[in-house]
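First residue of the sequence shown? That's 2 in the numbering used here, and the numbers climb one at a time after it.
To start, the structure itself, in structure tokens.
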Amino acid sequence: QSHTLTEPVKVPRLQSWRFGKSGTNAAGEFAFKTYGQVKPGAARNQLLVIVVKGSSPAAGLNILSLDGSQKSFGPSQMLFVNLAREQVAGLVGGKQFRLNSGKHTIIKPKADRGNNLCFASLKYKRATKWRTFFSTNWPTLEKARGLVFLYNDPRSQSVKMHSVVDSLIRVPVPEP
2 QSHTLTEPVK VPRLQSWRFG KSGTNAAGEF AFKTYGQVKP GAARNQLLVI VVKGSSPAAG
62 LNILSLDGSQ KSFGPSQMLF VNLAREQVAG LVGGKQFRLN SGKHTIIKPK ADRGNNLCFA
122 SLKYKRATKW RTFFSTNWPT LEKARGLVFL YNDPRSQSVK MHSVVDSLIR VPVPEP
């Protein structure tokens, strides 16, 4: 489980990027088992969000390619990804959204609960009834962006949330 994003990696632009495991087959030849792949988007800098479908990468990967520029997904913005089976809706900093399973959205909430705080409420729809599963005040971070993943807990099947705060202040790596 990760609570941070990896540092940027530069890779050549291909028709698709494949993620998986390399090894050798029974004949001793190179073999590559693909767990997931994605076609690169049009943006020069991309943010790839990789989510493991099961208990290991071999179960498969969901890969989301986003424009990585701060104009598209920058300070104070939040990415919501619905990995749950149910439809999810939210009201965050005055911004409303509704996401079907497998969909995502980026919003920029406004501070509506004082300085740098916004009200956040998340609901899921089971059968015909909406149920609130999260309600609190969240910070609106001027030098960070948020990633929020909504998913079904494997044990209880209830909708849960996992969030990651990505600081947009990059600390240079020291020279060796």
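Just so it is clear, CB atoms sit at the ideal spot from N, CA and C, and this is done for glycine as well.
Here the structure is a predicted model, which is why all the values come from computation and not from measurement.
Within the DSSP bridge table, the entry for residue 91 names 98 and 123 as partners. Pairing residue 47 with residue 169, the inter-Cα distance amounts to about 15 Å.
For residue 75, the closest alpha carbon among the candidates 148, 96 and 41 is that of 148.
Contact check for residue 87 against residue 70 fails: the beta carbons are separated by 8 Å or more.
Looking at 7, 23, 31 and 43, the one whose alpha-carbon comes closest to that of residue 17 is 43. With contact defined as three or more Cβ pairs closer than 8 Å, the segment 80-96 and the segment 123-139 are in contact. In the three-state scheme derived from DSSP, where H, G and I count as helix and E and B as strand, residue 60 is classed as helix. With distances taken between CA atoms, residue 144 lies nearest to 109 out of 174, 134 and 109. In the structure shown, residue 74 adopts coil according to DSSP, grouped into three states.
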